[in-house]
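Asks: I am attaching a structure below and will ask some questions about it afterwards.
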Amino acid sequence: MNKIVKFYHEMGSPPSFYRITGYWLKPLFILALVLTIYGLIDGLFFAPPDYQQGDSYRIMFVHVPAAWMSMFIYFVIGVCGIIAFVWRMKVAEAVMMASAPIGALFTALTLLTGMLWGKPMWGTYWDWDARMTSELILLFLYIGVMGIYSAYDDDPRKAARLAALVAIIGLINLPIIRYSVEWWTSIHQGASISLMGGNSGIKDWSMLRPLLVMALATKFYYLYSMLHRARTYLLRTEQNKSWVTKQIIEN
Amino acid sequence: MLTLLDMGKYNFFVWSSMALFGLMLTVDLVSIHRHRRQIARQIKARQRRQQS
Amino acid sequence: MRFWILLQRDVLVAWRKKSNIYQPLVFQLLIVTMFPLGLGAGAQTLQKIAPAVVWILALISTLITLENIFKDDYEDGSLALYALSGLSLPLAVLAKAAAHWITTGLPVILFAPVIAVLLHLPAYAYGVLMLSLLIATPIFSLLGTVGSALIMNLKNGGMLLSVLIMPLLAPVLIFGAGAVLETTLGNTPTGHLSLLAGCFVLSLTLAPIAAAAAIKVNLE
Chain V
6 MNKIVKFYHE MGSPPSFYRI TGYWLKPLFI LALVLTIYGL IDGLFFAPPD
56 YQQGDSYRIM FVHVPAAWMS MFIYFVIGVC GIIAFVWRMK VAEAVMMASA
106 PIGALFTALT LLTGMLWGKP MWGTYWDWDA RMTSELILLF LYIGVMGIYS
156 AYDDDPRKAA RLAALVAIIG LINLPIIRYS VEWWTSIHQG ASISLMGGNS
206 GIKDWSMLRP LLVMALATKF YYLYSMLHRA RTYLLRTEQN KSWVTKQIIE
256 N
Chain L
18 MLTLLDMGKY NFFVWSSMAL FGLMLTVDLV SIHRHRRQIA RQIKARQRRQ
68 QS
Chain W
4 MRFWILLQRD VLVAWRKKSN IYQPLVFQLL IVTMFPLGLG AGAQTLQKIA
54 PAVVWILALI STLITLENIF KDDYEDGSLA LYALSGLSLP LAVLAKAAAH
104 WITTGLPVIL FAPVIAVLLH LPAYAYGVLM LSLLIATPIF SLLGTVGSAL
154 IMNLKNGGML LSVLIMPLLA PVLIFGAGAV LETTLGNTPT GHLSLLAGCF
204 VLSLTLAPIA AAAAIKVNLE
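Protein chains in written order, with the working numbering: chain V, 6 to 256; chain L, 18 to 69; chain W, 4 to 223.
Printed below as a string of structure tokens:
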């Protein structure tokens with residue numbers, strides 16, 4: 006029990022967090038790279054073509070993991086926002102702001118690959134269905150968090166606190182937005198097929214396996230990106246401390 | 018080998034999606050390292066100013 | 004007691020500068036002119052888009068006034084006085100939101116029929132239009148206080164305010180404009196209006212707390 010408690014406390018202290026996660030960066034990146042290559046090769050070349058959609062369904066191997074990550078990362082940002090706002094934990098602020106850029110990129114990727122999947126499937130690049138619309142609003146939520154942080158450039162701690170507040174407000178709003186957008190599209194029957202409707206019914210293991218591998222790969226990449234950025238964030242905000250000076254001199 | 022790469026009439030869509038994925042990861046990687054180098058440079062400059 | 008004093012003061016200050024009250028309305032008139040200019044003056048097309056456009060114009064014209072809810076008070080230091088006065092900060096925020104609604108929301112509600120006439124909104128939809136705006140404009144003011152509190156000491160906070168507020172306003176727009184749309188289609192708007200009322204209650208209870216938290220962070 007002591008080891009776990011000790012580890013938890015160490016992760017809360019910026020210099021220990023910096024040191025410990027430094028060891029994880031290379032393994033995470035290599036894992037992410039290997040799994041991505043394996044997943045994409047498996048999905049693009051070895052998975053059989055779909056009965057209805059032919060080869061276009063292979064976009065799913067990029068689109069669906071990106072969508073899962075965009076939602077998961079926002080959830081992480083929200084939770085870190087709560088921790089940062091209530092307990093003023095510096096490491097929580099670092100993790101929160103470090104997750105935002107990669108989360109926004111995944112959201113944009115979801116939207117763009119969704120458009121590229123929509124054209125062959127529905128005949129149109131864009132459709133205001135529940136999932137695409139709420140994904141677009143999610144992008145605005147990410148931009149809001151990053152925007153308010155960068156607006157208060159001169160005071161990083163205040164900026165992080167305000168960004169945490171914005172993240173919490175966004176997190177509370179997320180279910181309301183999802184519900185209202187779904188309700189709105191159920192009334193105005195647009196496209197009846199959702200872009201992500203296919204994956205819940207996948208029973209073919211050779212289609213499911215690459216999807217799960219890509220989902221895992223994106224998680225590892227997220228961790229790599231987030232930890233790397235969080236370390237840089239801590240270097241910046243803790244500039245005056247001696248451990249930062251030592252780190253910079255050593256590198 | 019080339020037949021494997023051929024996605025039928027969906028060539029453009031599938032390969033653009035993969036290209037976007039690769040582009041996004043590259044952009045993220047480059048931005049991480051560039052940001053880190055910038056912060057390191059700023060801190061070094063501050064240290065030099067403080068020492069002198 | 005202090006709630007009413009604050010409310011009175013803000014309404015008086017806004018009333019002194021009448022352009023504050025006219026600005027959103029003139030803005031609506033300008034933009035509503037662009038629709039027929041762009042779409043052609045056909046009554047059919049205008050009637051189709053009327054419910055949405057009236058609503059969106061009410062929303063946008065309120066949006067441009069939100070930036071300044073706390074700016075003046077922050078800059079001359081009276082916001083710090085509110086925070087120190089012992090009056091609960093959420094209550095002060097509520098007074099601010101109420102004052103904003105009286106000086107911006109109410110005129111927008113009263114002016115909406117003018118815009119509706121210009122867009123050929125069918126006569127039987129006017130009641131629902133006014134009712135939906137009546138429930139929604141307080142929500143705009145309340146959410147506006149949250150956004151304004153977050154961007155208080157920024158120079159060009161207006162754009163960021165819109166980015167922050169827009170996701171919060173999406174459900175309000177869906178339910179509000181949807182209510183009017185449903186009425187024009189001949190259906191009952193009760194569902195939409197009830198959900199809109201729910202949004203109102205939610206923002207009435209939570210927005211002052213969020214705005215007060217943001218003010219405290221900004222005053223540090």
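Note that CB positions come from ideal geometry on N, CA and C, so glycine has one too.
Taking the continuous alpha helix (DSSP H) assigned at V/A235, which residues delimit it?
Replies: Here the question's residue 235 of chain V lines up with position 230 in the first sequence. Counting along the chain, the alpha helix (DSSP H) containing V/A235 begins and ends at W210 to T242.
Asks: Check whether the Cβ of W/G181 lies closer than 8 Å to any Cβ atom in chain V.
Replies: Locating residue 181 of chain W in the third sequence gives position 178, where the first residue counts as 1. For W/G181, the answer is yes, since a Cβ of chain V falls inside 8 Å of its Cβ.
Asks: If we count Cβ pairs, one from each stretch, closer than 8 Å, do we get three or more for the region 86-94 of chain W versus the region 119-136 of chain W?
Replies: The region 86-94 of chain W is not in contact with the region 119-136 of chain W.
Asks: Taking its Cβ as the centre, do 16 or more other Cβ atoms sit within 10 Å of W/A217, making it buried, or is it exposed?
Replies: On the third sequence, residue 217 of chain W is found 214 positions in, with the first residue counted as 1. The residue is buried, with at least 16 neighbouring Cβ atoms inside 10 Å.
Asks: Identify which residue in V/E140, V/Y79 and V/V186 has its Cα closest to the Cα of V/A3.
Replies: Past the boundaries of the shown model lies residue 3 of chain V; chain V is included only from 6 to 256, so the question cannot be answered.
Asks: Do you know how far the Cα of V/G83 is from the Cα of W/W7?
Replies: Here the question's residue 7 of chain W lines up with position 4 in the third sequence. Here the question's residue 83 of chain V lines up with position 78 in the first sequence. Straight-line Cα distance between these residues: approximately 36 Å.
Asks: Output needed in chain order: residues of the region 162-174 of chain V with a Cβ under 7 Å from some Cβ in chain W.
Replies: The residues in question are K163, R166, L167, L170, V171 and I174.
Asks: Hey, quick one: how far does the alpha helix (DSSP H) through V/S18 stretch, first residue to last?
Replies: As a position in the first sequence, residue 18 of chain V is number 13, starting the count at 1. Careful: V/S18 lies outside any alpha helix (DSSP H) and carries neither H nor E.
Asks: Output the boundary residues of the alpha helix (DSSP H) element that contains L/S34.
Replies: Walking along the second sequence from the start, residue 34 of chain L turns up at place 17. It spans N28 to Q68 - the alpha helix (DSSP H) in which L/S34 sits, taken as one unbroken run.
Asks: Give me, in chain order, the residues of the same chain whose beta-carbon lies closer than 6 Å to that of W/L76; leave out the 5 immediate sequence neighbours on both sides.
Replies: On the third sequence, position 73 is the one that residue 76 of chain W refers to. It should be noted that the sequence gives Asp, not Leu, for residue 76 of chain W. Taken in chain order, the residues that qualify are L82.
Asks: Give the secondary structure of W/D13 by DSSP, where H, G and I count as helix, E and B as strand, and everything else as coil.
Replies: As a working note, residue 13 of chain W is residue 10 in the third sequence. It is helical.
Asks: Beta carbon of W/L176, beta carbon of W/W58: below 8 Å?
Replies: Residue mapping note: residue 176 of chain W aligns to position 173 of the third sequence, counting from 1. Residue mapping note: residue 58 of chain W aligns to position 55 of the third sequence, counting from 1. Yes. Within cutoff.
Asks: Indicate the three-state DSSP secondary structure (helix, strand or coil) for V/G59 in the structure shown.
Replies: The count along the first sequence starts at 1 and reaches residue 59 of chain V at position 54. V/G59 falls in the strand class under three-state DSSP.
Asks: Does DSSP put V/N204 in a helix, a strand or coil?
Replies: Position 199 of the first sequence, counted from the first residue, corresponds to residue 204 of chain V. Low confidence applies to V/N204: its pLDDT is 46, below 50, so where it sits in the model is not reliable enough to give any reading.
Asks: Leaving out five residues before and five after V/K95 in sequence, what residues of the same chain have Cβ atoms less than 6 Å from its Cβ?
Replies: What you label residue 95 of chain V is simply residue 90 of the first sequence in a count that begins at 1. Only P19 meet the Cβ criterion.
Asks: Going by C-alpha to C-alpha distance, which of W/G150, W/L199 and W/N156 sits closest to W/N221?
Replies: Along the third sequence, one-based indexing puts residue 221 of chain W at 218. Checking every option, the nearest Cα to that of W/N221 belongs to W/N156.
Asks: I'd like to know if L/S34 contacts chain V, where contact means its C-beta is closer than 8 Å to some C-beta of that chain.
Replies: Position 17 of the second sequence, counted from the start, is the residue given in the question as residue 34 of chain L. It does: the Cβ of L/S34 has a partner Cβ on chain V nearer than 8 Å.
Asks: At a Cβ cut of 8 Å, what residues of the region 58-90 of chain V count as close to chain L, listed as they run along the chain?
Replies: Answer in chain order: G59, D60, S61, R63, I64, V67, H68 and A71.
Asks: Quick one: does V/S185 have its CB under 8 Å from some CB of chain W?
Replies: Locating residue 185 of chain V in the first sequence gives position 180, where the first residue counts as 1. Yes, V/S185 counts as interfacial toward chain W.
Asks: Using alpha carbons as the reference points, say which of V/W131, V/L232, V/V171 and V/S104 lies closest to V/Y28.
Replies: For the purposes of this step, residue 28 of chain V is taken as residue 23 along the first sequence, with counting starting at 1. Ranking the options by Cα distance to V/Y28, first place goes to V/L232.
Asks: Relative to the alpha-carbon of V/L38, which residue among V/V150, V/R24 and V/L221 has its alpha-carbon at the smallest distance?
Replies: Counting from one through the first sequence, the residue named residue 38 of chain V turns up at place 33. Looking at the Cα atoms, V/L221 is the closest of the given residues.
Asks: In angstroms with no decimal places, state the Cα-to-Cα distance between W/A86 and W/D79.
Replies: Position 83 of the third sequence, counting from 1, holds the residue named residue 86 of chain W. Position 76 of the third sequence, counting from 1, holds the residue named residue 79 of chain W. When rounded, the distance between both Cα atoms is 14 Å.
Asks: State the start and end residues of the unbroken alpha helix (DSSP H) segment that holds V/Y147.
Replies: Residue numbering aside, residue 147 of chain V sits at position 142 when the first sequence is read from its first letter. Unbroken alpha helix (DSSP H) run through V/Y147: A135 to A156.
Asks: According to DSSP, simplified to helix, strand and coil, what is W/I8?
Replies: In the third sequence, residue 8 of chain W corresponds to position 5, counting from 1. Of the three classes helix, strand and coil, the one that applies to W/I8 here is helix, per DSSP.
Asks: Assuming W/G160 and W/E70 make a contact with CB atoms under 8 Å, what is their CB distance in whole Å?
Replies: Translated into the one-based positions of the third sequence, residue 160 of chain W becomes position 157. Translated into the one-based positions of the third sequence, residue 70 of chain W becomes position 67. About 6 Å separates the two Cβ atoms, so the contact holds.
Asks: Does the beta carbon of V/I181 sit closer than 8 Å to a beta carbon anywhere in chain L?
Replies: Position 176 of the first sequence, counting from 1, holds the residue named residue 181 of chain V. With 8 Å as the cut-off, V/I181 does not count as an interface residue toward chain L.
Asks: What's the call for V/G119, buried or exposed, on a 16-neighbour Cβ count within 10 Å?
Replies: Here residue 119 of chain V refers to the residue found at position 114 of the first sequence. So V/G119 counts as buried.
Asks: How about the region 42-59 of chain W and the region 183-202 of chain W: do they share at least three Cβ pairs that are nearer than 8 Å?
Replies: In short, these stretches touch, since the Cβ pair count reaches three.
Asks: Does any residue of chain V have a CB that is nearer than 8 Å to the CB of W/L207?
Replies: For the purposes of this step, residue 207 of chain W is taken as residue 204 along the third sequence, with counting starting at 1. No, because no Cβ of chain V sits closer than 8 Å to the Cβ of W/L207.
Asks: Using the three-state DSSP reduction, which class does W/E78 fall into: helix, strand or coil?
Replies: By 1-based counting over the third sequence, the position of residue 78 of chain W is 75. Looking at W/E78 - three-state DSSP - the assignment turns out to be helix.
Asks: Considering only C-alpha positions, which residue in the set L/W32, L/D45, L/H50 and L/K61 is nearest to V/L110?
Replies: Residue mapping note: residue 110 of chain V aligns to position 105 of the first sequence, counting from 1. Taking only the C-alpha atoms, the option nearest V/L110 is L/D45.
Asks: Does the CB of W/M169 have a neighbour CB from chain V at under 8 Å?
Replies: Sequence index remark: in the third sequence, residue 169 of chain W carries index 166 (1-based). Closer than 8 Å to some Cβ of chain V, the Cβ of W/M169 qualifies, so yes.
Asks: Under a CB-based cut-off of 8 Å, is W/E70 close to chain V?
Replies: Residue mapping note: residue 70 of chain W aligns to position 67 of the third sequence, counting from 1. It does not; no Cβ of chain V falls within 8 Å.
Asks: Check whether chain V comes within 8 Å of L/V47, counting only Cβ atoms and requiring the distance to be less than that.
Replies: Taking the first residue of the second sequence as 1, we reach residue 47 of chain L at position 30. No, no contact with chain V.
Asks: Mapping the DSSP letters down to three states, classify W/N221 as helix, strand or coil.
Replies: By one-based count along the third sequence, residue 221 of chain W stands at place 218. Helix.
Asks: Can you tell me whether DSSP reads W/A216 as helix, strand or coil?
Replies: Taking the third sequence and counting its residues from 1, the one referred to as residue 216 of chain W is at position 213. Reduced to three states, the DSSP call for W/A216 is helix.
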